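Engineer:
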Amino acid sequence: MTTSQRRSSGSGHRVPAYEYHAPVLVEQAMSYLIERDGLYLDGTVGGGGHAEAILARCARCRVLAVDRDREALDAARDRLSSGADRVAFARMSFREAPRHPLVREEKLAGALLDLGVSSHQLDHRRRGFTFRRGARLDMRMDQSSPLSAADFLADATREELVRVLREGQAPRPAALAARIVRRRGSRPLATSDDLVAVLEAVLRRRAGHAEKARLFQALRIGVNDEIGALTDGLPAIRDALRPGGVLVVISYHSVEDAIVKRAFRDWSDPSHGLPPRLPVRAADLEPLGRVLTKKPVTAPPGETEVNRRARPARLRAWRKAA
Ligand SMILES: C[S@@+](CC[C@H](N)C(=O)[O-])C[C@H]1O[C@@H](n2cnc3c(N)ncnc32)[C@H](O)[C@@H]1O
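If you count the sequence shown from 1, position 236 lands on 914 in this note's numbering, and the numbers rise without skipping.
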């Protein structure tokens, strides 16, 4: 462990990068992503595992390392310290990364989005993502955001609650939303125990691990507007790629994977973006690029055995036309 890994940051919670998060599908992501020298966007740098692999595989590549989470950027700075002259860090959402000065100056050779949350975020009770007992309902990836999960549960309309719970595939979304509204009328939902109690009241039995995980995941996706970031971010990053540049996305939730799949398919359709009924033949048009992964790439058993968070991972890659 280096001194910087032991040192405490301003936030007081710096942890060694190797404990922060074990990156998933690294070899597979690199095999699609790295083809040429240039500037790469890691839009979800987390503990820096994928960014480290980019720097290691390509001596003349540079990385714009982006995350919404201050603790992630601290961990990534430590992990990437030996290649610091080739990395720039930015605390922002990847949906804004195409407007970063480096990207305005130079189109991207490639971009990687490894969606969702890191092990660090999930495992630390104080970050409030977990359904383990006694956790404050926080769930903010960006610690400066004003809206915690508890605030969302207190303020959202019943319709918003249903939409977020349904979109994130929580069990019994309408009944859950109704129960949340009823419960907050007498006492706010502040902790993981409060939310699990609501779920168990709806189910009328003890909730299983998978049911709790789906509820907490749906709430997290809503609180952080993860679907909005992905929907806006994908085309913005595509436009920031240089010709021949590759976009790789790893998702962990079927809703996210469906968005990525549809976007890549639409962009590979020659008539993409044209209003219907124009007097042009598809054969005369050029697609924006092509899908590199016919099927999503999943983690091999060797990886899922040692890292259970790799199990739901789905990797898709797309190349912009040259
Ligand atoms: C699965 S982890 C990434 C792990 C990383 N690839 C590594 O090697 O350690 C996901 C990270 O993405 C970040 N994140 C999620 N949505 C984001 C967004 N819209 N913009 C920027 N960062 C985001 C989270 O804060 C988290 O640190």
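Think of the CB as a built atom: it goes at the ideal place given N, C-alpha and C, for glycine as much as any other residue.
Keep in mind the model is a prediction, meaning the values are calculated, not measured.
(1) So, residue 766 versus residue 780, is the Cβ gap smaller than 8 Å?
(2) Quick one, which of 933, 936, 952 and 967 has its alpha-carbon nearest residue 946's?
(3) Let me confirm a value: residue 650 is counted as buried when at least 16 other C-beta atoms fall within 10 Å, else exposed. Which label applies?
(4) Rounded to whole angstroms, how far is the Cβ of residue 928 from the Cβ of residue 991, which I believe are closer than 8 Å?
(5) Determine the DSSP secondary structure at residue 686, reduced to helix, strand or coil.
(6) Hey, how far is the Cα of residue 848 from the Cα of residue 839?
(7) Spell out whether any CB of chain C is found under 8 Å from the CB atom of residue 941.
(8) Ordered along the chain, which non-local residues of its own chain (more than five positions away) have a Cβ less than 8 Å from that of residue 950?
(9) Looking at residue 896 and ligand 1, is the gap between the Cβ and the nearest heavy atom below 7 Å?
(10) Closer than 8 Å is the cut-off here; do at least three beta carbon pairs connect the segment 849–863 with the segment 795–805?
(11) Using 10 angstroms around the beta-carbon of residue 972, count the other beta-carbons present and answer buried if the total reaches 16, otherwise exposed.
(12) Which residues share a DSSP beta bridge with residue 996?
(13) Runs of 4 residues minimum, wholly inside the segment 687–767: which ones carry the alpha helix (DSSP H) assignment?
(14) Using only CA atoms, which one of 794, 795 and 726 lies nearest to residue 761?
(15) Are the beta-carbon atoms of residue 822 and residue 724 separated by less than 8 Å?
(16) Between residue 883 and residue 889, what straight-line distance do the alpha-carbon atoms span, to the nearest angstrom?
(17) What residues in its chain sit with their C-beta under 6 Å from that of residue 698, if we drop five residues either side in the sequence?
(18) Quick one: what does DSSP say residue 680 is sitting in, helix, strand or coil?
(19) According to DSSP, simplified to helix, strand and coil, what is residue 959?
(20) Any chance you could list the alpha helix (DSSP H) runs of at least 4 consecutive residues sitting entirely within the segment 778–859, in chain order?
(21) Using only the alpha-carbon positions, how far apart do residue 975 and residue 989 sit?
(22) According to the Cβ coordinates, are residue 885 and residue 877 closer than 8 Å?
(23) Can you have a look at residue 938 and say buried or exposed, based on whether 16 or more other CB atoms are within 10 angstroms of its CB?
(24) For ligand 1, is there a heavy atom less than 7 Å away from the beta-carbon of residue 910?
(25) Between residue 771 and residue 812, which are expected to be in contact by the criterion C-beta below 8 Å, what is the C-beta distance as a whole number of angstroms?
(26) Could you have a look at residue 982 and say whether DSSP puts it in helix, strand or coil?
(27) Measure how close the beta-carbons of residue 924 and residue 997 come, nearest whole angstrom, since I'm counting them as under 8 Å.
(28) Give a yes or no on whether the C-beta atoms belonging to residue 857 and residue 851 are separated by under 8 Å.
Structural biologist: Looking at the atomic coordinates:
(1) Against a cut-off of 8 Å, the Cβ pair of residue 780 and residue 766 comes out as a contact.
(2) Closest by alpha carbon: 967.
(3) Outside the displayed range of the chain (679 to 1000) lies residue 650, so it cannot be described from this structure.
(4) Yes, they are in contact, since the Cβ atoms of residue 928 and residue 991 sit about 5 Å apart, within 8 Å.
(5) For residue 686, the pLDDT reaches just 33, beneath the cut-off of 50, and the residue's location in the model is therefore unreliable, leaving the point undetermined.
(6) When the Cα atoms are used, residue 848 and residue 839 turn out to be separated by approximately 11 Å.
(7) Of the protein chains in this structure there is only one, and it is not chain C.
(8) Only 944, 965 and 966 meet the Cβ criterion.
(9) It does not: the Cβ of residue 896 is nowhere closer than 7 Å to a heavy atom of ligand 1.
(10) Using a C-beta cut-off of 8 Å, the segment 849–863 makes no contact with the segment 795–805, since fewer than three inter-stretch Cβ pairs fall below that distance.
(11) When all chains shown are included, residue 972 counts as exposed.
(12) Bridge pairing for residue 996: 925 and 969 [DSSP].
(13) Complete alpha helix (DSSP H) runs here, min 4: 695–698, 704–711, 727–735 and 748–757.
(14) If we check each option's Cα against that of residue 761, 726 comes out closest.
(15) Contact: no.
(16) Linking residue 883 to residue 889 through their CA atoms gives a straight-line distance of about 12 Å.
(17) Here residue 698 has 725, 753 and 798 as same chain residues with Cβ atoms under 6 Å from its own Cβ, once five neighbours each way along the sequence are excluded.
(18) Summary for residue 680: the model assigns pLDDT 35, below 50, so the residue's position carries little reliability; its value from the coordinates is reported in the next sentence. In this structure, residue 680 counts as coil in the three-state DSSP scheme.
(19) Residue state, collapsed to three classes: coil.
(20) You should have 779–783, 797–801, 827–833 and 836–845.
(21) Distance between the alpha carbons of residue 975 and residue 989 is about 11 Å.
(22) In this structure, residue 877 lies closer than 8 Å to residue 885 by Cβ.
(23) It is buried - the Cβ of residue 938 has at least 16 other Cβ atoms within 10 Å.
(24) With a threshold of 7 Å, the Cβ atom of residue 910 does not count as near ligand 1, since no heavy atom of the ligand is closer than that.
(25) Residue 771 to residue 812, Cβ: 30 Å. No contact.
(26) Helix.
(27) Residue 924 to residue 997, Cβ: 5 Å. Contact.
(28) Cβ atoms of residue 857 and residue 851: not closer than 8 Å.
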